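These notes are about the structure you will find just below.
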Amino acid sequence: MERVLVRKSEPNLWSKIKPLAREKRREPTPAEAALWQLLRGRSLGGYKFRRQHPIGRCIVDFYCPKARLVIEVDGEIHQRTVEEDAQRQAELEALKLRVIRFTNDEVLNQPEWVLSVIEAAVSGNLTP
């Protein structure tokens with residue numbers, strides 16, 4: 016399987032983006048922290064998820080390498096960056112990754128539904 020880590024293709028970018036990803040892991044939003052508690056430790060069907068993971072020029076909220084699935088949790092700031100989000104999503108999809116998005120509200124108030132959507136995506140029963 017092709018690796019999509021930025022380190023392989025753009026070493027100069029990797030040295031800049033890696034500390035930012037680490038910082039974002041240390042300071043997750045409440046919704047990111049809640050979703051991480053549900054995904055960590057291969058608790059969803061044995062699939063491993065990474066959080067705040069650099070891919071290309073992006074740092075994605077969650078990434079499942081085996082399923083080539085990116086999960087983004089959109090907060091209020093994303094309402095103002097719709098165009099940027101569309102560009103990021105196009106870049107990720109160009110790498111043959113599937114992207115699914117949830118709002119903070121969905122993650123915090125409908126965690127069972129969010130997990131069911133993710134489970135369908137990793138098992139191949141959902142095409143985001």
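FYI, in our numbering the residues of the sequence shown are 16 to 143. Idealized CB from N, CA, C, for every residue including glycine. Treat the numbers as computed from the prediction; the structure is a model and nothing was measured.
Spatial neighbours of LEU54 in its own chain (CB-CB distance under 7 angstroms, excluding positions within 5 residues in sequence) are listed in chain order as PHE64, PHE77. Between VAL85 and ILE70, the C-beta gap is smaller than 9 angstroms, which places the two residues in contact. Restricting attention to VAL137, SER58, GLN104, the CA atom closest to the CA of VAL75 is found in GLN104.
The alpha-carbon of CYS73 is positioned some 9 angstroms away from that of GLU106. Exclusion of the five residues before and after ASN119 leaves THR44, PRO45, ALA46, VAL88, ASP89, GLY90, GLU91 as the residues of its chain whose Cβ lies within less than 8 angstroms of its Cβ.
Burial state of LEU50 is buried, judged by a 10 Å Cβ sphere holding 16 or more other Cβ atoms.
The continuous beta strand (DSSP E) containing GLN67 extends over residues 65-70. Annotation: GLU38 to ALA48 spans about 14 angstroms, alpha carbon to alpha carbon. CA-CA distance, LEU110 to VAL137, rounds to 17 angstroms.
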